[in-house]
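Enquirer: Under our numbering, the sequence shown has 201 at position 200, and the numbering climbs by one with no breaks.
Built from N, CA and C at the ideal position, the CB exists for glycine as well.
Just so it is clear, the structure is predicted and the values come from calculations on it, not from any experiment.
Have a look at the structure that comes next, please.
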Amino acid sequence: MLQNSSRPFICRQCLAHAKPYIRPAKHTPSSKGWLAQRRVAWGVQRNLATTVDSRVGPGSHGHDSSATAPGASVSSIRQHLRQWEKENRKQPLLKLGDSMVLGTIPNTLNQVQSTDASELENLRPLEDSDTDAGVADFNDVDHDMGVSVSANAPGDLVELRQLGSRTPVLAVYLGYFGARNHFFAASGKWVIGIGFSPVFTVSKFAQLTDLLPVLAKIPRNVTDPDTFDQLRLDGLGPTKQDGALLVQKMGKFRMLSERVYQDNLSRLDRAQSMLADQYSPKYLSLFEIAQILLPAHLKRDTAFPPYALYAVHTALSRDDFTFRPLSPSGDCHRRDHIFEIAPQRQIALADRVATMIREYTVFGSLNLRPPTPDELGKTPLGRFVQVARQRVIASRTQRSWTPHGVIHAPEPVKLPQAKWTKDDNDIITFLEWWASYRLFEASSPFHSSGSTILRALNLYEDAPLNQSTAWSFLQEIGVIPPWEIPARYKVRLPDATIIKGGGLERDVPEDFQASKRPDIALGARKDWGNTPVFCIDGPTTVVIDDGVSLERTENSDEFWIHVHTADPASVIQPDSALRRFMELIPENIYLPGHFQAMLPSDLGTDTSKGDASQGFVEEYSLRPGGSSLSFSAKVNRSGDILEYKIEPSTIHNVMYLDPTDVAAFCNEPTPPAMPTTKLSVGTTQQQPDVPKRPMLAAKDLDKPYQDDILQLYSLSEAIKQKRLDKGAWPYFFPRPSAKVSFNDPPKVGTKSDSLVLPAAPRIDVSYETSTGCSVVSNTMVLAGEIAARWCAARGIPVPFRRDTKLDENREAALATVFEKIYPVIKQGIAPTMGMRQELLNLTGGVELSTSPGPYFLLGLDMYAKATSPLRRFSDLLVHWQIHAALDYERKTGTTLDGSKVGELSQLLPFTQKTLADMLPLLHIRERMTRTIAQGNYEWILLALIHAWKYEQTLPKTFVFTVDVKWRSNLIGRIDLFDLRSTMDLEGLDDKVLLADIRTGDRFEVEIAHVNVHSREILVKALNYLGAPAKDAIASTAAV
2 MLQNSSRPFI
12 CRQCLAHAKP
22 YIRPAKHTPS
32 SKGWLAQRRV
42 AWGVQRNLAT
52 TVDSRVGPGS
62 HGHDSSATAP
72 GASVSSIRQH
82 LRQWEKENRK
92 QPLLKLGDSM
102 VLGTIPNTLN
112 QVQSTDASEL
122 ENLRPLEDSD
132 TDAGVADFND
142 VDHDMGVSVS
152 ANAPGDLVEL
162 RQLGSRTPVL
172 AVYLGYFGAR
182 NHFFAASGKW
192 VIGIGFSPVF
202 TVSKFAQLTD
212 LLPVLAKIPR
222 NVTDPDTFDQ
232 LRLDGLGPTK
242 QDGALLVQKM
252 GKFRMLSERV
262 YQDNLSRLDR
272 AQSMLADQYS
282 PKYLSLFEIA
292 QILLPAHLKR
302 DTAFPPYALY
312 AVHTALSRDD
322 FTFRPLSPSG
332 DCHRRDHIFE
342 IAPQRQIALA
352 DRVATMIREY
362 TVFGSLNLRP
372 PTPDELGKTP
382 LGRFVQVARQ
392 RVIASRTQRS
402 WTPHGVIHAP
412 EPVKLPQAKW
422 TKDDNDIITF
432 LEWWASYRLF
442 EASSPFHSSG
452 STILRALNLY
462 EDAPLNQSTA
472 WSFLQEIGVI
482 PPWEIPARYK
492 VRLPDATIIK
502 GGGLERDVPE
512 DFQASKRPDI
522 ALGARKDWGN
532 TPVFCIDGPT
542 TVVIDDGVSL
552 ERTENSDEFW
562 IHVHTADPAS
572 VIQPDSALRR
582 FMELIPENIY
592 LPGHFQAMLP
602 SDLGTDTSKG
612 DASQGFVEEY
622 SLRPGGSSLS
632 FSAKVNRSGD
642 ILEYKIEPST
652 IHNVMYLDPT
662 DVAAFCNEPT
672 PPAMPTTKLS
682 VGTTQQQPDV
692 PKRPMLAAKD
702 LDKPYQDDIL
712 QLYSLSEAIK
722 QKRLDKGAWP
732 YFFPRPSAKV
742 SFNDPPKVGT
752 KSDSLVLPAA
762 PRIDVSYETS
772 TGCSVVSNTM
782 VLAGEIAARW
792 CAARGIPVPF
802 RRDTKLDENR
812 EAALATVFEK
822 IYPVIKQGIA
832 PTMGMRQELL
842 NLTGGVELST
852 SPGPYFLLGL
862 DMYAKATSPL
872 RRFSDLLVHW
882 QIHAALDYER
892 KTGTTLDGSK
902 VGELSQLLPF
912 TQKTLADMLP
922 LLHIRERMTR
932 TIAQGNYEWI
942 LLALIHAWKY
952 EQTLPKTFVF
962 TVDVKWRSNL
972 IGRIDLFDLR
982 STMDLEGLDD
992 KVLLADIRTG
1002 DRFEVEIAHV
1012 NVHSREILVK
1022 ALNYLGAPAK
1032 DAIASTAAV
């Protein structure tokens, strides 16, 4: 607030009155209902006034120049305050609380420290996670979860970030039990959480014996998680004295870390200038950053100790806009603890926009009145506001703004192109970073900059001036299409650019042929002649990269199963521009409406030949006369693997079969009945015909071929049973999935200066139908096992996928699945969040490693993906290594000896060290592609909004089941696709006391609000239905 002793004062928030009057569009829905009722919860209050009486209206353009004209009489400050009080006495007095609702920006201005308030002990969950509260999702048909940051072991030291506080908390992890994670903080407090995301971890910091005095005070066999909250409120949990040893260890760790920080203050505080590139982001591990910032004498046995790494981590976290952790694990011991370092240009732009905002606010404050339209043009932000308002006015004549994170545009629209200046583009870019890319941490001061821009626009009365509203604004000015989904922007793949409206852009190799080599297996391929190769994929599948065949032996009990995979690695140089191109998007991204291929279908085509040119993917998909890399195993009828081998080959008799048809032909058991719920919005579009391959029906095949398929099914089931006996996950429940059909934009002239946008897409939501069959799923896993065994036997480093902690917890993991989890699955009930979390804590999740190890969910001792080299980069890495080894063995006539390390480093394209350096970033990229694919959830929310608000096709009420109870709201799911939903205290509507609600209780509810950007569904209680029947509780209770 600025004040002058001789003149009235004006507060900065009152600059909202500095805008010309904007009449709402006739199609704009009123937000004075639900949104206006929730202003207190959001902390939004817009009706502020200055000491100068400025009436805002159409004629005044938001200011009254006579109010402060030279020589004008000014009433006393006391009279102004009385008048203000009279006009505003009915407005509620807002208080910025310490707590926050999940998904909102916390109050870190007057609450900067952790307190004893239990609201602050809601730990930040995993960001951008589509799973329940950040807990690992085992329901993944790809069988690959990666490392979960929740898979910590008791005794680990973790740094936690709590909702409502920007102060980091050091704590020792106690374990997961009673459906909660438990910690003992350095302050001597017992802390609990559901999902948590530690950004720094020290493994095995404390011994298990150190935890016993604390664990003795916490009950382990708790069925109701609310019991823990009550114990803490009553002061019956572990005390500081119980954890005195832990507090002492954490205190010593912090002291050593602070000493390192102080001794190297000059370098650590200059981390940005020392590490950031001028134009491009950089990606460095914590080890590499420490190597640059810390002196070498701090190393212990060639590595920096954890407390020194924590000093570096502390320095980086103080500049969270420049340094963003990307790693799936915060373990300081891991090589994949990687940071994205923003370029200097990005930092400078953010500072430049902040300066524009400061200039705008200071200009209005010094003039003691809102600026006139002419004065607005004197500041860069003011000029942007003028242009942006006109842009929004034009948009609202054809489209409606909504408070749901999406613009309602049921018909095609044509909008005039805006002419933005450089300053305008800088402001728009800043808003994109804030609303779309989520570059700012919750405690960042840049949040106020974004809100100030929205306030200056004066276009969103009664709406929260947050990132969701900024996302809507970007849609209204035409920067983002109205059907865009935020998931595409929240994750930024390194060195890949997001194309607005769809797709990712990479630098395509200029000389495609320069990345190719002669076939490394030329003249050495086995010719399979007329042996039938069954390629079992859907009729519309374009990339065919695997097939299977059967070979009978003299022993009627033994058979060879051959899995034939596409073989592009044989003709691609391992060290080439094409390899680096594929590495940027390491696997196909199956996001509805935005499919992104690792290898685009048109890559390698000769444009001079037109349609006659064949792309690289089409050339190396499995086809008659095409090359393949065959993974073979001799198995008996019991499913035992007797022998295995890998060899390059050529296939001829390719038969394309539909997996659904094959499953029916083999009389596979039908999966459990799945829900038939469907949701469709939008107009059915005329879609172009999808090319289909010539398919064969299993029943029409010759009798010998039918016998081969039936024998393959029998053997694959026997192999599967062997894996199930070792703990493999038996069944993956279907999930809701969206199918999106886009409209073509209306035709305009080639020289049109208009922005043309098609109508909203058609969205169909239903549960995934099973399109696989046992022959495919089990033989593909078999091929991955063969690849891992073959490479491990020769000491060849490849991207093995293995559990991080199974070796020490195998018996406990087996007991958990066979006694608690799998019996529930056999009843057709999906495992609870607690069950999945307990198993994850035992297995540790899956990592990429150059050394083999067990993979519990597949029931294998080792595994490496190898069957989709046209769709996954890691499979290509495996193929390159195998081809180099096979070439060596053909030339020398001997089996490669992995003990001769020097020999391996000379013949393999990727040595142990090279691959170890590649895998951390590859692992992160793989996780990023899967996070992008979770945008499927946002398509479902888009369909939900249209069905609820515009097409009125949704049921009026739903059943809401409570999963988690917080002190300010309930987290649960409604009985529509099990969508996650929230019920706050206002939505509870006094139907029952919050203290009386238990996990599993149900409510009859109606939808109160949906927001695509924040991925939020709010519900309002109509009736309290109580707890479900006891038999249902017994079968679905959380572990």
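#1: Quickly, what does DSSP pair Arg1071 with across the bridge? List them, please.
#2: Residue range of the beta strand (DSSP E) that Pro417 falls in?
#3: Which value, in whole angstroms, describes the spacing of the CA atoms of Arg493 and His947?
#4: Quick check on the DSSP output: what are the complete beta strand (DSSP E) runs of length 3 or more inside the region 794-855, in order along the chain?
#5: Would you call the region 174-193 in contact with the region 154-163, where contact means no fewer than 3 C-beta pairs closer than 8 Å?
#6: Expressed to the nearest angstrom, what Euclidean distance is found between the alpha-carbon atoms of Tyr823 and Thr833?
#7: Suppose you measure from the CA of Pro676 to the CA of Ile787; what does that come to, to the nearest Å?
#8: What is the DSSP secondary structure of Pro374, counted as helix, strand or coil?
#9: Going straight from the alpha carbon of Arg390 to that of Tyr461, what length do you get?
#10: Within 10 angstroms of its Cβ, does Met357 collect 16 or more other Cβ (buried), or is it exposed?
#11: With Ala395 as the anchor, note down where its alpha helix (DSSP H) starts and where it stops.
#12: With Phe254 as the anchor, note down where its beta strand (DSSP E) starts and where it stops.
#13: Alpha carbon to alpha carbon, how far is Thr422 from Glu360? Give it in angstroms, no decimals.
#14: Whole angstroms is fine: what's the gap from Phe184's alpha carbon to Ser969's?
#15: So Cys792 packs on Ile883, CB below 8 Å; how close in whole Å?
#16: Evaluate contact between the region 451-469 and the region 494-513, counting only Cβ atoms and requiring at least three cross-stretch pairs below 8 Å.
#17: By a C-beta neighbour count over all protein chains shown, 10 Å radius and 16 as the cutoff for buried, is Phe474 buried or exposed?
#18: Can you list, in chain order, the residues of its chain with a C-beta nearer than 8 Å to that of Glu1017? Leave out the 5 residues immediately preceding and following it.
#19: Could you pull the start and end residues of the beta strand (DSSP E) that Asn970 belongs to?
#20: So, with DSSP's three-state summary, where would you put Lys892?
#21: Tell me which same chain residues have a C-beta within less than 8 Å of the C-beta of Asn1024, skipping the five on either side of it?
#22: Provide the residue(s) that pair with Ser982 in DSSP beta bridges, ordered along the chain.
#23: In this structure, does DSSP put Leu680 in helix, strand or coil?
#24: When the distance is taken between beta carbons, is Pro660 closer than 7 Å to Ile537?
#25: Alpha carbon to alpha carbon, how far is His880 from Asp568? Give it in angstroms, no decimals.
#26: What separation, rounded to the nearest whole angstrom, lies between the Cα atoms of Lys740 and Ile933?
#27: Does the contact criterion of 3 or more C-beta pairs under 8 Å hold for the region 648-657 versus the region 731-739?
#28: From the DSSP secondary-structure annotation, give me the bridge partner or partners of Lys1021.
#29: What do you reckon, are the CB atoms on Asp243 and Pro214 nearer than 7 Å?
#30: Could you spell out where the alpha helix (DSSP H) holding Phe666 opens and where it closes?
#31: My guess is that Ser550 and Thr532 are in contact by the Cβ rule of under 8 Å, so how many angstroms apart are they, rounded?
#32: Tell me, to the nearest whole angstrom, how far the beta carbon of Tyr490 is from that of Ser437; I am working on the premise that it is less than 8 Å.
#33: Just mark Gln347 as buried or exposed, buried being the case when its beta carbon has 16 or more other beta carbons within 10 Å.
#34: At the level of alpha carbons, what is the spacing between Asn89 and Pro1029?
#35: On a Cα-Cα basis, can you pick out the residue from Glu769, Lys218, Val170 that is closest to Pro199?
#36: Could you say which of Glu644, Val544, Ala634, Pro649 lies nearest to Val572 if we only look at CA atoms?
Expert: The answer reads as follows:
#1: Residue 1071 is absent from the model: the chain starts at 2 and stops at 1040.
#2: 414-417
#3: 29 Å
#4: 801-804, 847-850
#5: yes
#6: 11 Å
#7: 37 Å
#8: helix
#9: 11 Å
#10: buried
#11: 381-397
#12: No beta strand (DSSP E) contains Phe254, which is instead part of the alpha helix (DSSP H) from 245-264.
#13: 18 Å
#14: 22 Å
#15: 7 Å
#16: no
#17: buried
#18: Gly104, Thr983, His1010, Val1011
#19: 970-975
#20: helix
#21: Lys992, Phe1004, Glu1005
#22: Gly973
#23: strand
#24: yes
#25: 8 Å
#26: 16 Å
#27: no
#28: Glu1007
#29: yes
#30: 660-666
#31: 5 Å
#32: 4 Å
#33: buried
#34: 48 Å
#35: Val170
#36: Pro649
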